[in-house]
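Position one of the sequence shown corresponds to residue 5 (my numbering), numbered consecutively onward.
Glycine included, each C-beta is placed from N, C-alpha and C at the ideal position.
Here's the structure, in structure tokens; my notes come after.
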Amino acid sequence: MAPVTQPVPGDRGPADSRKEAVAINGLVKGFGSQEVLKGVSLNLYEGENLAILGKSGSGKSVLIQCIVRLLDPDAGTITVLGENVETLNSDGLGELRKKIGFLFQSGALYDSMTVRENLEFPLRRIRRSLTQEQRDAKIKEVLDHVGLYEAIDKMPSQLSGGMLKRISLARTIVVDPVIMLYDEPTTGLDPVTSDEISVLINDSRKKYKTSSIIITHDIACARATADRMIMLLDGKVYLEGTFETFENSTDGAIKAFFK
Ligand SMILES: Nc1ncnc2c1ncn2[C@@H]1O[C@H](COP(=O)(O)OP(=O)(O)O)[C@@H](O)[C@H]1O
Ligand SMILES: [Mg+2]
């Protein structure tokens with residue numbers, strides 16, 4: 005009989021045959037005397053939705069900023085789509101970043117631009133070979149995807165929080181990223197709107213074949229989207245497993261999260 009594999013950090017277990025979109029090994033990052041990440045190792049596999057949980061200030065945003073090298077790690081290695089991000093020159097890093105969609109916690113649309121202009125901006129910068137016709141078609145496609153084509157000529161100030169999140173998602177996905185990094189995609193939204201965003205995260209994976217890290221402390225969002233979950237605690241991976249692993253855990257720190 006095959007032994008039962010317990011998912012523990014560093015043991016890739018049954019997922020071994022899958023390709024890693026992101027592989028993080030021994031990531032250490034601090035600020036001054038504050039140690040935030042103290043040796044984090046985790047993989048994101050191709051096509052997977054991985055939720056990363058952790059209380060506020062546990063270093064979740066720092067972790068994904070290290071992946072795109074908005075922050076430089078103090079130690080450890082990060083491999084993204086087969087490339088060691090630390091050794092890339094600025095051109096290489098620029099090319100790699102084009103393949104990574106980063107949905108910031110704050111949404112980050114340009115307030116002075118219409119929705120159409122907000123979407124056109126990254127397309128012009130990243131997908132330079134597209135004609136105006138192709139750009140228009142792509143913008144229509146992603147706005148249909150998020151169910152907001154009718155908002156194309158609106159200004160961000162005219163949109164609700166949920167709509168802003170959808171448009172931000174459309175803007176991130178318009179350039180066809182391979183990897184999506186969602187930082188607290190449902191924080192600040194009401195439960196119904198949050199559920200709509202979770203559905204959209206799943207639909208985006210299906211339609212655009214993305215591999216995604218979803219940082220969240222919204223249990224409903226994790227349940228709806230995650231194939232696998234990781235909890236960060238005290239700068240380390242504390243638990244890794246499916247939603248059921250977490251839900252059934254008798255560990256105090258995990259239960260505190262799930263109450
Ligand atoms: N650029 C920075 N400079 C200094 N400290 C930072 C920086 N970014 C994050 N921190 C600190 O690192 C810790 C983890 O932050 P963060 O990753 O944003 O937490 P969260 O898990 O809530 O996303 C916090 O104490 C925060 O103040
Ligand atoms: Mg954060």
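Limits of the unbroken alpha helix (DSSP H) element including residue i
i    : result
E59  : One point to set straight first is that residue 59 is Lys, not Glu, in the sequence displayed. Premise fails: K59 is in no alpha helix (DSSP H) and is neither H nor E.
L147 : 136–149
G256 : 256–262
M167 : 165–177
G98  : 94–102
F197 : The amino acid at residue 197 is misidentified as Phe; the sequence shows Thr. 195–212 is the span of the alpha helix (DSSP H), which, as asked, contains T197.
I223 : 223–229
Rounded Cβ spacing between residue i and residue j (contact assumed at less than 8 Å)
i    : j    : result
L193 : K169 : 7 Å
I234 : I56  : 5 Å
G166 : E200 : 7 Å
A174 : V150 : 5 Å
T176 : L107 : 5 Å
I218 : L54  : 7 Å
Burial state of residue i (16 or more Cβ within 10 Å)
i    : result
E24  : buried
A27  : buried
G256 : exposed
A224 : exposed
M5   : With a pLDDT of 44 at M5, under the threshold of 50, the modelled position of that residue is not reliable, and no figure is offered here.
Y186 : buried
V12  : Per-residue confidence for V12 stands at a pLDDT of 46, beneath the threshold of 50, marking its modelled position as unreliable; the derived number appears in the next sentence. It is exposed - the Cβ of V12 has fewer than 16 other Cβ atoms within 10 Å.
A141 : exposed
G63  : buried
T190 : buried
E254 : This sequence places Thr at residue 254; Glu is not what is there. Classification of T254: exposed, given that the 10 Å Cβ count is below 16.
G17  : Because the pLDDT of G17 is 49, which lies under 50, any placement of that residue in the model is unreliable, and the number read from its coordinates should be weighed accordingly. With fewer than 16 other Cβ atoms within 10 Å, it is exposed.
S116 : exposed
T91  : exposed
K33  : buried
D15  : With a pLDDT of only 47 at D15, under the threshold of 50, the placement of this residue in the model should not be trusted; the figure read from the coordinates follows. Looking at its Cβ environment, which holds fewer than 16 other Cβ atoms inside 10 Å, D15 is exposed.
K259 : exposed
F250 : buried
Cα-Cα separation between residue i and residue j, rounded to whole angstroms
i    : j    : result
K213 : G51  : 6 Å
I68  : L75  : 9 Å
N93  : L31  : 20 Å
A79  : L123 : 36 Å
T246 : V146 : 30 Å
S202 : G61  : 23 Å
P7   : R131 : Because P7 sits at a pLDDT of 46, beneath the cut-off of 50, its placement in the model cannot be relied upon, and the following sentence gives the value as read from the coordinates. For P7 and R131, the distance between alpha carbons rounds to 48 Å.
Y114 : P160 : 8 Å
Q138 : F125 : 14 Å
L46  : S65  : 15 Å
P181 : V241 : 26 Å
G43  : G36  : 17 Å
H221 : R129 : 33 Å
V84  : V72  : 9 Å
E244 : A155 : 40 Å
Terminal residues of the beta strand (DSSP E) in which residue i lies
i    : result
D187 : 183–187
R129 : That residue, R129, is in no beta strand (DSSP E); its alpha helix (DSSP H) goes 119–130.
V66  : No beta strand (DSSP E) holds V66; the alpha helix (DSSP H) holding it covers 64–71.
E251 : Counting along the chain, E251 falls outside any beta strand (DSSP E), though it belongs to the alpha helix (DSSP H) covering 247–251.
G30  : 24–35
V84  : 79–84
Below-7 Å beta-carbon distance, residue i vs any chain B residue
i    : result
K169 : Judged by its chain identifiers, the structure shown contains no chain B, having just a single protein chain.
Exercise answer, beta-carbon shell around ligand 2 heavy atoms below 7 Å: K64, S65, Q109, D187, E188, I219
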